[in-house]
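*Asks:* In terms of the numbering used here, the sequence shown has 96 at position 93, counting the first letter as 1, and numbering is strictly consecutive. Cβ coordinates follow ideal geometry from the N, Cα and C atoms, glycine included.
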Amino acid sequence: MKGATLAMLTLNASVALAEPVDSLQAFMSDTGETVTTASYPTAETAHQMLKNQDAVGVNQFLHKRQLTPTDQQPVVRMNRDTYYSMAVVDVSGGATVTMPNVPEGKYISVQPVTEDHRIQPMFYGSGTFELSTHAGNHVYLVVRLDSTFTEAEAAKYQDQMTITATNNQAFMAEPVDTASFKNIESELKAKMPAISQRDGSHALLGMFTAPTDDSQQDFTQEKYEVGAAVGWGGAQAVDDIYEISKNFPDNVCHQATFNDPNNHAFWSITVYNKAGFMFNDLANYSSNTATPNADGSYTISFGCGDAAPNNIQTKNDSGEFNIGIRHYQPSDAVLKDNVRLLPTMKAVQ
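(1) Inspect the beta-carbon positions of residue 133 and residue 165 and report whether they are closer than 7 Å.
(2) I'd like to know if the region 281 to 297 and the region 245 to 255 are in contact, where contact means that at least 3 CB-CB pairs between them fall below 8 Å.
(3) Would residue 129 and residue 84 qualify as a contact pair, given that the criterion is a beta-carbon distance under 7 Å?
(4) Quick one: Cα of residue 141 to Cα of residue 338, how far?
(5) Quick one: what's residue 273 bridged to in DSSP?
(6) For residue 147, write down the residues that DSSP places opposite it in a beta bridge.
(7) For residue 184, does the three-state DSSP call read helix, strand or coil?
(8) Just the Cα atoms here: how many angstroms apart are residue 13 and residue 55?
(9) For residue 27, does the three-state DSSP call read helix, strand or coil?
(10) Select from 62, 254, 32 the residue whose C-alpha is nearest the C-alpha of residue 308.
(11) May I have the straight-line CA-CA distance separating residue 32 from residue 173, to the nearest angstrom?
(12) Under a Cβ-count criterion, where at least 16 other Cβ atoms within 10 Å of its own Cβ denotes burial, should residue 236 be classed as buried or exposed?
(13) Count the CB pairs spanning the region 226 to 240 and the region 107 to 123 that are closer than 8 Å, and state whether there are at least three.
(14) Using alpha carbons as the reference points, say which of 297, 127, 305, 270 lies closest to residue 333.
(15) Is the region 215 to 232 touching the region 183 to 200 in the sense that three or more CB pairs, one from each, lie closer than 8 Å?
(16) Near residue 11, what residues of its chain come up, given a Cβ to Cβ distance below 6 Å and the 5 sequence neighbours on each side ignored?
(17) Quick check: the region 32 to 49 against the region 167 to 186, are at least 3 beta-carbon pairs closer than 8 Å?
(18) With DSSP collapsed to three states, give me the class of residue 345.
(19) Counting only runs of 3+ residues fully inside the region 121 to 147, write out the beta strand (DSSP E) ranges in chain order.
(20) Inspect the beta-carbon positions of residue 2 and residue 322 and report whether they are closer than 7 Å.
(21) Can you list the beta strand (DSSP E) stretches of 3 or more residues lying completely in the region 22 to 78, in chain order?
(22) Which stretch, first to last residue, makes up the beta strand (DSSP E) that contains residue 100?
(23) Rounded to whole angstroms, what is the Cα-Cα separation between residue 102 and residue 256?
(24) What did DSSP end up calling residue 9 once you bin it into helix, strand or coil?
(25) Do you know how far the Cα of residue 346 is from the Cα of residue 18?
(26) Compare the C-alpha of residue 262 against each of 208, 342, 115 and name the closest.
(27) Would DSSP call residue 178 helix, strand or coil?
(28) Whose CA, out of 110, 30, 71, lies closest to the CA of residue 282?
(29) Look up residue 301 in the DSSP assignment and give the residues it is bridged to.
(30) What residue from 312, 304, 305 has the CA that sits closest to residue 297's CA?
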């Protein structure tokens, strides 16, 4: 009888440990649920939601008042293309988000991410947009605001962003085992080079999709899992085409010379270390900041010295670097004709 009672107490304790929690500290646990490749996208989304919720609560924006600082990169492959604002929104009873009026030609977008890391298409420009989800009760919003605004200008527009929601219940998730979470994340990241070699310019196609629109036709389970590890919160192809390079030695000069793809918003190129993090305050150039060549083309230099056109430093502690190219609101040439910038990158002797 005593043994049965002890067993029951142990069972009850394990059940209690599995109860959903509303803080990041409680979510990462030594006794939580073992994370698998299949469950990782949902676990990483819970990780990001709880981190944001810990900072500002639910239905409130966490505004990043600066372009991403080198020492504050919450996920891999952050960038300085835009100012960021993030929020966890309870959409269970209906919710909307309102974006301010910004000057014509300036970029502003809202990207909803569902609890299972399915990516809805972006909303653009000013206005009020309805929010919904196919999974759970909450969505994570990523708002991107044009980087050409000064910090004071960006703050003015960020402070005009509002969320209206009927309900305001906190997001909750069952705790996960920290060790298995980290191991699976590393395992998924390690799959990316093989995918890049196999699929080339389509390597990221299928990673960031929603089951509620045409992007679902590109979904694959493998890329869904890997995408959450190498680029959590990435956008649908219709909103942003990504190119990610292999690693290059950081002591060899490389250059990319290309014609402007004429995206509807802009293009950008960011340099990362081997692990996928920016390591220098000047980490990127974009069509808004790079100086074009006399013929209108662009040359971006990597580790080629200050005299080289649009040079980005590559030396870092990892000994290697890679680049991420983004096409914001890609042109038909990029989206339909498969024009890519990465193949133009060459080592310079």
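*Replies:* According to the data block:
(1) Not in contact: residue 133 and residue 165 (Cβ atoms no closer than 7 Å).
(2) Between the region 281 to 297 and the region 245 to 255 there are fewer than three C-beta pairs closer than 8 Å, too few to call the two in contact.
(3) Cβ atoms of residue 129 and residue 84: not closer than 7 Å.
(4) Rounded to the nearest angstrom, the gap between the Cα atoms of residue 141 and residue 338 is 30 Å.
(5) Answer by DSSP bridge pairing, in chain order: 287, 327.
(6) The partner list for residue 147 (beta bridge, DSSP) reads 87, 112.
(7) In this structure, residue 184 counts as helix in the three-state DSSP scheme.
(8) For residue 13, the pLDDT reaches just 41, beneath the cut-off of 50, and the residue's location in the model is therefore unreliable, leaving the point undetermined.
(9) Helix.
(10) Out of 62, 254, 32, 254 has the C-alpha closest to the C-alpha of residue 308.
(11) Their backbone Cα atoms lie some 19 Å apart in a straight line.
(12) Residue 236 is buried by the Cβ-count criterion.
(13) As far as the Cβ criterion goes, the region 226 to 240 touches the region 107 to 123, which means the pair count is three or higher.
(14) Among 297, 127, 305, 270, the Cα nearest to that of residue 333 belongs to 270.
(15) Flag = yes, the region 183 to 200 and the region 215 to 232 touch.
(16) Any reading at residue 11 is ruled out, since the residue's pLDDT is 44, under 50, leaving its predicted position unreliable.
(17) A contact is defined here as three or more CB-CB pairs under 8 Å, and the region 167 to 186 meets this definition with respect to the region 32 to 49.
(18) Looking at residue 345 - three-state DSSP - the assignment turns out to be helix.
(19) Annotation: the region 121 to 147 contains the following complete segments of the beta strand (DSSP E) (minimum length 3 residues), in chain order: 130 to 134.
(20) The structure shown does not extend to residue 2, since the chain is modelled only from 4 through 352, so no value can be given for it.
(21) Within the region 22 to 78, the complete beta strand (DSSP E) runs of at least 3 residues are 64 to 66.
(22) 98 to 102 is the extent of the beta strand (DSSP E) around residue 100.
(23) Approximately 42 Å, taken between the alpha carbons.
(24) Its pLDDT being 44, under 50, residue 9 is placed unreliably in this model, and the coordinates cannot settle the point.
(25) Any reading at residue 18 is ruled out, since the residue's pLDDT is 40, under 50, leaving its predicted position unreliable.
(26) Checking every option, the nearest Cα to that of residue 262 belongs to 342.
(27) In the structure shown, residue 178 adopts coil according to DSSP, grouped into three states.
(28) Closest by alpha carbon: 71.
(29) For residue 301, which the question treats as bridged, DSSP gives the partners 261.
(30) Measuring from the Cα of residue 297, the nearest candidate turns out to be 312.
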